[in-house]
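Take a look at the structure set out below.
In the working numbering, the protein residues as written are 405 to 1192.
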């Protein structure tokens, strides 16, 4: 290459360099091809995907030149790549290189270019299936609409070597230009790339050797089958409870807001010589007004959601087909069977893997996907997750969450906007913004708790429906695990949950989780208390979902992607035992005591009623004294909390050594509960939400080389301390000592924090638990002795 050529190449983009290298290879200009690919491969600012393409290009050039050793050396790292497609490509190249070398040894004087029969295309990059597979696929679709085998062929047709998006010349360029995608990226290009590493943190030791990207493909049905009838009673009960609950909570919030405004106006009326007496509007219950507003919000949902999400564009069937032909075929079948129009698919430019849908009728329904989702899943996985989302559309809970989600979005957007806006403002404005941001988050949290039960209940039904619609439970297993891992990596990288993930959590298929191996999913699959400990979550444990989907595969006699069989033998049955009930009651603490106290109060009241009817005055007072119904639950709650303190906060030995590998105990032991209270000392970097967004201590995390783990902290001033909390230590390295707990998520209750300068911050969680319990007990006894 001349100096002018080099200068021109330096000004080119990575895609242009790859295209130029392929052109040089096609014309057997091997020197130029090697120079172009090496330039891209060795550049510091080259992305992982482009560097991988350049490496594969060098392999093809060296193979064409007959430089077998250099090609084999470059193939070896690709055998450890997360992408199954790339590993398969590397193995094929090594096999072909070995065959070529043996022929060269036998036939002296062989010309390397003449032995290149393993290069069927001019560019030298081999698709995993022949180019004429499309015709066979079309025949299969036409002749056997119920067969799923053609989906495998359809998907694999698109799995070209990740080396070149332009390998097929001008036709590929035309398709690429016609695709309304903000980034012209080949669908297979980013499927299984290693997740981005977080700043100031080393790669996770737990996830480097295992993960859903390396799980086997597993089998799928060749013909659709049903899993039989399912009991829809729990879902209907959840809907009948949740819908009225949302109405009453919204009406209560509206009445509280009116009461606050009314009190403020009355205060101003007494303070100022103005007639500011509130109108009758502030005294009415507004039941019908709230009901009409919620109904209008439901009808307007298809037009209001785009205002919040701001999708970049609409994804056409042609564009979606480039990522997953199977998804397009399944969507058409699903909609044609129900006589629905094809859904409009909206694209978010976010790298987060997001898929949600909203609407109140299929005609006005919208399916929203992100670029991160399209780039992060294999074709069959993308089809499975899209059918999972489409299965919501036949049920009323889809309409509910379209409305409920708008309320959550509104509150969360106000919270996040005020929190970030107030950071750089003067003191008064800053604290005012923080106050209203905290209030908005409180309303968001309350409304989210209303929908948690229904969101958690509907998910197993949708998993089952998606498995039946696709005949591919293994594809859904891999899709859910990849999405959860990608979300977990995003949380680890940012240091806190991205606002978009938190606000959409109840509508997403999964929640963030950094689990990568079957051992880490064992807790969700086998712990008997897994559902009770997830009662305040919007998703069931991911391990339980993957176990159930794998059970569907076993029912259909499919080879699994994730095999729980060996763990099932080790862990035994997943049913409750007497000891599990005792653990649950102890774990409940104040809540268990509250229920027991209320039961005792009702029993005493019933005894008093019987004594009154029998004219037995010694016990008849129990029926007339309603203070018992208030005091006994308070006494029971305080007693339950006091009985739990010693078990919940065992003494931590001063000689406890700091070791990050202690986290693996909580990640892999399926028998742990929050009561296990494992003493732990661990080093890491403290991360969390910005100052005003964290007044309630919503999210503190410790970033370690084993991943990111949530922290719970209470100082001397209790909840009020969260106004400042740990913000002075944010983004600093420190040592955390506390109790490792395992519930739906893994977290640490902090006992003390130590900075590199040996500054120690003590937490007071046990002290505050005792103080609150003692106050409740005293208040309950005072009410009881006072009588009423």
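Note that CB positions come from ideal geometry on N, CA and C, so glycine has one too. For clarity, every value in this text was computed on a predicted model and none was experimentally measured.
CA nearest to the CA of residue i, picked from the options
i: residue 995; options: 1024, 1004, 1041, 1028; result: 1041
i: residue 696; options: 993, 654, 439, 665; result: 654
i: residue 1011; options: 951, 857, 1025; result: 1025
i: residue 639; options: 801, 1085, 417; result: 801
i: residue 747; options: 758, 757, 731, 755; result: 731
i: residue 865; options: 949, 1172, 813; result: 949
i: residue 685; options: 662, 707, 656, 1035; result: 662
i: residue 1160; options: 1137, 1142, 1030; result: 1137
i: residue 986; options: 818, 874, 1079; result: 1079
Alpha-carbon spacing of residue i relative to residue j, whole angstroms
i: residue 928; j: residue 1150; result: 12 Å
i: residue 501; j: residue 753; result: 41 Å
i: residue 768; j: residue 958; result: 38 Å
i: residue 954; j: residue 795; result: 19 Å
i: residue 1120; j: residue 1060; result: 24 Å
i: residue 669; j: residue 694; result: 23 Å
i: residue 1065; j: residue 1144; result: 12 Å
i: residue 821; j: residue 836; result: 13 Å
i: residue 856; j: residue 641; result: 14 Å
i: residue 1077; j: residue 1157; result: 24 Å
i: residue 729; j: residue 783; result: 7 Å
i: residue 539; j: residue 722; result: Note on residue 539: pLDDT 36, under 50, position unreliable in the model; no value is reported.
i: residue 863; j: residue 692; result: 32 Å
i: residue 680; j: residue 1046; result: 50 Å
i: residue 460; j: residue 417; result: 18 Å
i: residue 1038; j: residue 649; result: 25 Å
i: residue 810; j: residue 734; result: 29 Å
i: residue 1164; j: residue 1133; result: 11 Å
i: residue 480; j: residue 495; result: 9 Å
i: residue 427; j: residue 469; result: 16 Å
i: residue 1114; j: residue 1148; result: 12 Å
i: residue 1005; j: residue 1179; result: 20 Å
i: residue 771; j: residue 830; result: 42 Å
i: residue 473; j: residue 896; result: 40 Å
Opening and closing residue of the alpha helix (DSSP H) in which residue i lies
i: residue 1107; result: Counting along the chain, residue 1107 falls outside any alpha helix (DSSP H), though it belongs to the beta strand (DSSP E) covering 1104-1108.
i: residue 711; result: 691-713
i: residue 835; result: 831-874
i: residue 668; result: 637-675
i: residue 740; result: 729-742
i: residue 1025; result: 1021-1028
i: residue 776; result: 775-780
Burial state of residue i, where buried means 16 or more other Cβ atoms lie within 10 Å
i: residue 1055; result: exposed
i: residue 1140; result: buried
i: residue 740; result: exposed
i: residue 446; result: exposed
i: residue 832; result: exposed
i: residue 1152; result: buried
i: residue 493; result: buried
i: residue 677; result: exposed
i: residue 963; result: exposed
i: residue 743; result: exposed
i: residue 518; result: Model confidence at residue 518 stands at a pLDDT of 33, short of 50, so the residue's coordinates are unreliable; what they give is reported in the following sentence. When all chains shown are included, residue 518 counts as exposed.
i: residue 1173; result: buried
i: residue 870; result: buried
i: residue 707; result: exposed
i: residue 1028; result: exposed
Span of the beta strand (DSSP E), counted from its first residue to its last, around residue i
i: residue 1155; result: 1150-1158
i: residue 1056; result: Run containing residue 1056: none; DSSP gives neither H nor E here.
i: residue 748; result: 748-752
i: residue 629; result: First-last for residue 629: undefined, no H or E at that position.
i: residue 1137; result: 1137-1146
i: residue 444; result: That residue, residue 444, is in no beta strand (DSSP E); its alpha helix (DSSP H) goes 434-446.
i: residue 819; result: That residue, residue 819, is in no beta strand (DSSP E); its alpha helix (DSSP H) goes 800-825.
i: residue 1083; result: 1082-1092
i: residue 762; result: 759-762
i: residue 717; result: 717-719
Beta-carbon separation (whole angstroms), residue i vs residue j, contact threshold 8 Å
i: residue 478; j: residue 491; result: In fact, because the Cβ distance is near 14 Å, the residues do not count as touching under 8 Å.
i: residue 1118; j: residue 1167; result: 6 Å
i: residue 879; j: residue 917; result: That belief does not hold up - the Cβ atoms of residue 879 and residue 917 are roughly 19 Å apart, past 8 Å.
i: residue 792; j: residue 913; result: 6 Å
i: residue 1092; j: residue 956; result: Not really, about 40 Å apart at Cβ, beyond 8 Å.
Residue i: CB within 7 Å of a non-hydrogen atom of the ligand GDP
i: residue 739; result: Looking at this structure, you won't find the ligand GDP or any other ligand, since it has none at all.
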